[in-house]
Amino acid sequence: MIEFENVSFTYKKKDELVLRNVTFSIKKGELVAFVGRNGAGKTTLIKHINGLLRPAEGEVRVNTENIIKKPISEMAKIVGLAFQNPNHQLFAETVKKELEFGPKNLGIDEEEREKIVLDIAKQFNITHLLERSPFELSGGERRLVSIASVLTMNQQILVLDEPSFGQDYRQKEMLGNYLKELSDNGMTIIVVSHDIDFISEYIPRVIVLLDGEITADGATLDILSDDDLIRKSDLDRPILLDLVDSIKSKYPEFQSFLKETMIADNLLTILTQEKTKKGGSM
Amino acid sequence: MSKKAVSLKQVTFKYKNSTKFAITNVSLEINADDFLLLVGYSGSGKSTLLKTINGLIPNFYAGTFGGSIKINGEDIIDKNPAQLAKQVGFVFQNPENQISNLTVEKEIAFPLENFGVPRNEIITRIDELVELLGIERIRYKSPFSISGGEQQLTAIAAALALDPPMLILDEVTAHLSPNSANDLLKILFKLNQEHDKTIILSEHRLDRCLNYVNKIAYIEQGKLKISGSLKEVLSSKEYPENLLPKVPRLFYELARKSNDFNNFSSKFRKSFNVENLPITISDFKKLMQIEGEYHD
Amino acid sequence: MSSKILEYFDYESDKSILHQVDPRGKALFVVVITCITILFRELVPLLLILGAIIPLTFLAHFFKKWMRTILILLPLILLIIIINALLLKVEYPTTIGIIMALRLIILTAVYGLFFQTVSPDDISQMLIKFRLPFTFAWAISTAYRFIPTLANETNIIMAAQKSRGLQIDRGNIFKRARNMVPLLIPIFASAMRRSWQLAEAIESRGWNATKNRTYLYSLKMKWWDYLVILVCLAIFGLFLFLVITQVDLPIWMQLYIPSKYELKELFKAAWDWIKGLFTK
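Chains as they are written, first to last, in this note's numbering: chain A, 1 to 282; chain B, 283 to 578; chain C, 579 to 858.
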């Protein structure tokens, strides 16, 4: 569980606030996306969750505990944070050593480490990569290894910066389903992303940041249907929304969805009902 | 019949130190007025293919090369990228790592300087390009004080400086915010329509390109599986389902599911024939209206 | 502190009088002053040089920044004076210490003035005018161009590894050195990738297409630039003349700190006084 209460932050005293009065709360097992234009404060915000940055004002609570005094190395056991580019964190000779890095920093002994690494590798389906060098992996594999390597300490909170960056559709699908599975198993996941298609497909809750302030927080569909908000935040309108709108103009009872399968079901059901109403036969 | 801009015949390349061929026997013809979208999964050989067209392969990257490449009917195999810069402009994925000069203006001047163009002509050309791409505002700015979208426009301006008839863009929107990516695609469309540039683009965000491109080529594990008009390619069995854009995907979904609803007329089902494959949303709306008639 | 030192080398795009001077003139000025500063071993001439440079720092709007740099360097400056004063086995060690410190102060001003008023582009243009190959000049300005990128990237990498529990400043010196590995490898790997991509890009922009490269901007000497060069050469000539003819400097220029004010003596006096306090 993560709670921000009136958090404000500034990099330099004179400068404007990068975060102002940010308040929100995320429950255990939730999957949430932070969106907003570049420089809206998204990266600054997630750096507060594991103590890389400390609020100038306000309070950050993780599992109901104020983390102001907790060192980052301590927070690493509670929060896994992976940045946008896996190249910025991968460095070891083998994937196995990469996965060991976190536990080793915490002084966990070798036997225990071995077990942790095998567990996490199995969970992420990367056991076959363990002896390979992270530098020779494909982009998608590197992304998986980088996420696995921040989750080796049995953390219950995962924070990802632009996880779908540079991924093709197939990789995104795998990642999206994987995040869903983790959150179903009780992990709290926070994602920062520009990728509206990815968000609309896999992430149920969206929080919008604009100039360091939260301007909206709610169900993904509601947020993404707000054209004004979308424009102000330099986001894309999901392609399918236009389609949904045009269907709605013809069939007002049509419900909005952002997934093709659900749109198809919904549309076909309506068409069938209409046909029965009109008494048409087969 | 429009003019051939590029013609690849049986192009094959294997990087030195690699065991696998990056591309195998790729044959592809691109017309001068084409806006071609190159599609494929990560690591399928898209970048390699694009780099053969401006001579980075095989001149800059060592490896085993086979086949022939012609630009405007002229064989380019023994030409290096610098010699080809007047014929092909190339824009790379990472905006920051392709700008080496200290201001936008100097970046645009760089290719012209390399070719020994006189100073007054360089200035005229910069005037034209900043206007064409709408970057007058940032002309004297440093590349790291501008946004990713502006950096990419700067790179496009530099690639266009020598006025090549063709522009190749390798996943250039990957680092951009959605709006700047859309703006960039619009500019490419303008270059294609109003300035007669041949555009070859590789891109993951298919949906956003569909209104602009006239052709698609699909590459899988180094092999060109299919190329042609949007409809041809997207309705082909060679084209993988999970790379489909949203609208065709919805169409296929409806086609499949309409079979489960057995109270639809066969006429209705027929409307879900691949011949009617909608590509854009307006295509889909049209289809829906036709389909409306079946009820009355 | 390290980033503040970098700041000192930052070019400020300003339109001060000194910005208008051709970099070649300024380079000559730097060379002349450096030679003179290093070769003079007397206090007063160095103070005179300092006195002559201070107005220049105002002209270049550099004075404040220079003072900030001096403030950062203050511990070092004091250390130089104290160590020389206490350890040198010469007649006037404190004077020598102050001379050493003065040299440092003067040189920070002179080099600072240069980097403050000469853009990296001008530096590369200057090198081209000195007939160095374009590749070399280009490398210099490009290296400069990527400093902010590199700094930014280093910050990200540090944050990423800290988030994985890395404690950079823990343990003894060897442990700390080992802690740098997870930072250095991604930094190097990324620099390699960047230089590769950059090479691809310039290759595609017609790198080395002709031997007769042109330049959008190139340096042109104005009358005042000739004047600057003339003055620099005159100063240098005068100095050489003094050195060669070995003229004795006038007495007032050979000022030194009297031995009763030597730091060693002052320390000793202070020590005796403290001891006296306790023996009473």
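Heads up, the beta-carbon is just placed ideally off N, CA and C, and yes, glycines get one too.
Any heavy atom of the ligand SAM closer than 7 Å to the CB of GLN475 of chain B?
In the structure on display, the ligand SAM does not appear, and there are no ligands present to speak of.
Can you list, in chain order, the residues of its chain with a C-beta nearer than 6 Å to that of GLN375 of chain B? Leave out the 5 residues immediately preceding and following it.
ASP452, GLU453, ALA456
Separation of GLU98 of chain A from ARG646 of chain C, as counted between CA atoms:
43 Å
Ordered along the chain, which non-local residues of its own chain (more than five positions away) have a Cβ less than 6 Å from that of HIS597 of chain C?
THR695
Identify whether LYS47 of chain A lies in helix, strand or coil by the three-state DSSP scheme.
helix
Would you say ASN50 of chain A and ALA767 of chain C are within 8 Å of each other, going by their C-beta atoms?
no
Beta strand (DSSP E) containing GLU413 of chain B: first to last residue?
Where GLU413 of chain B is concerned, there is no enclosing beta strand (DSSP E), although the alpha helix (DSSP H) it sits in stretches over 401 to 414.
Ordered along the chain, which non-local residues of its own chain (more than five positions away) have a Cβ less than 8 Å from that of LEU210 of chain A?
The residues GLY36, ARG37, ALA40, LYS232, SER233, in chain order, have a CB closer than 8 Å to that of LEU210 of chain A in the same chain once the five nearest residues on each side in sequence are set aside.
With DSSP collapsed to three states, give me the class of ILE563 of chain B.
Secondary structure at ILE563 of chain B: helix, using DSSP grouped into helix, strand and coil.
Name, going along the chain, the residues of the stretch 689 to 720 of chain C whose beta-carbon falls closer than 7 Å to a beta-carbon of chain B.
PRO698, ASP699, SER719, THR720
Straight-line gap, LYS159 of chain A to PHE83 of chain A (C-alpha atoms, nearest Å)
Going by the sequence as given, residue 159 of chain A is Val instead of Lys. Each residue's Cα considered, the two are about 8 Å apart.
Nearest-angstrom Cα separation, counted from THR294 of chain B out to GLU502 of chain B:
14 Å
Can you tell me whether GLY574 of chain B is buried or exposed, with buried defined as 16 or more other CB within 10 angstroms of its CB?
Residue placement at GLY574 of chain B is flagged as unreliable, the pLDDT there being 45, under the threshold of 50; the coordinate-derived value follows with that caveat. Exposed.
Among A:HIS128, A:LYS27, A:ASN6, A:GLU16, which one has its Cα closest to the Cα of ARG205 of chain A?
A:LYS27
Three-state secondary structure (DSSP) at ASN66 of chain A?
strand
Identity of the residue in C:LYS642, C:GLY815, C:ALA605, C:PRO760 nearest PHE708 of chain C by Cα:
C:ALA605
Buried or exposed: HIS194 of chain A, going by 16 or more other Cβ atoms within 10 Å of its Cβ?
buried
Taking a cut of 7 Å between CB atoms, which residues from the stretch 771 to 792 of chain C lie near chain B?
ARG772, GLN775, LEU776, GLU778, ALA779, ILE780, GLU781, SER782, ARG783, GLY784, TRP785, ASN786, ALA787, THR788, ASN790, ARG791, THR792
Among the candidates C:GLY743, C:PHE819, C:THR788, whose CA atom is the shortest distance from the CA of ASN366 of chain B?
For clarity, residue 366 of chain B is Leu in the given sequence; the question names Asn instead. Ranking the options by Cα distance to LEU366 of chain B, first place goes to C:THR788.
Return the first residue and the last residue of the alpha helix (DSSP H) that VAL292 of chain B is part of.
Reading the sequence as shown, one finds Gln at residue 292 of chain B and not Val. GLN292 of chain B -> not in any alpha helix (DSSP H); beta strand (DSSP E) instead, spanning 286 to 297.
Given a cut-off of 8 Å on the beta-carbon distance, is the pair PRO425 of chain B and VAL386 of chain B in contact?
Going by C-beta atoms, PRO425 of chain B is nearer than 8 Å to VAL386 of chain B.
Just to confirm the assignment, what range does the beta strand (DSSP E) spanning GLY603 of chain C have?
Counting along the chain, GLY603 of chain C falls outside any beta strand (DSSP E), though it belongs to the alpha helix (DSSP H) covering 601 to 617.
Locate the alpha helix (DSSP H) running through THR857 of chain C, then write down its first and last residues.
841 to 857
Rounded C-alpha distance that separates ASN662 of chain C from LYS643 of chain C:
28 Å
If we count Cβ pairs, one from each stretch, closer than 8 Å, do we get three or more for the stretch 530 to 542 of chain B versus the stretch 259 to 273 of chain A?
yes
Using a Cβ-Cβ cut-off of 8 Å, state whether GLN155 of chain A counts as contacting chain C.
no
By DSSP, does SER540 of chain B sit in helix, in strand, or in coil?
helix
LEU52 of chain A touches chain C at which residues, Cβ-Cβ below 7 Å?
ALA737, LYS740, SER741
I'd like to know whether the C-beta of ILE335 of chain B is nearer than 8 Å to at least one C-beta of chain A.
no
THR823 of chain C - partner residues in DSSP beta bridges
Note: THR823 of chain C sits in no beta bridge, so no partner.
Answer yes or no: does any C-beta atom of chain A fall closer than 8 Å to that of ILE763 of chain C?
Output row for ILE763 of chain C: interface = yes.
So for MET282 of chain A, helix, strand or coil by DSSP?
Unreliable positioning characterises MET282 of chain A in this predicted model, as indicated by a pLDDT of 41, which lies under 50. The coordinate reading is nonetheless provided below. DSSP places MET282 of chain A in coil when its eight states are reduced to three.
Along the chain, where does the alpha helix (DSSP H) that runs through GLU669 of chain C open and close?
That residue, GLU669 of chain C, is in no alpha helix (DSSP H); it is neither H nor E in DSSP.
Alpha carbon to alpha carbon, how far is LEU833 of chain C from LEU855 of chain C?
Their Cα atoms are separated by approximately 35 Å.
Return the residues of the stretch 18 to 47 of chain A that lie within a Cβ-Cβ distance of less than 8 Å from chain C, sorted by chain order.
LYS47
Determine whether the Cβ of SER8 of chain A lies closer than 8 Å to any Cβ atom of chain C.
Cβ-Cβ to chain C under 8 Å: no for SER8 of chain A.
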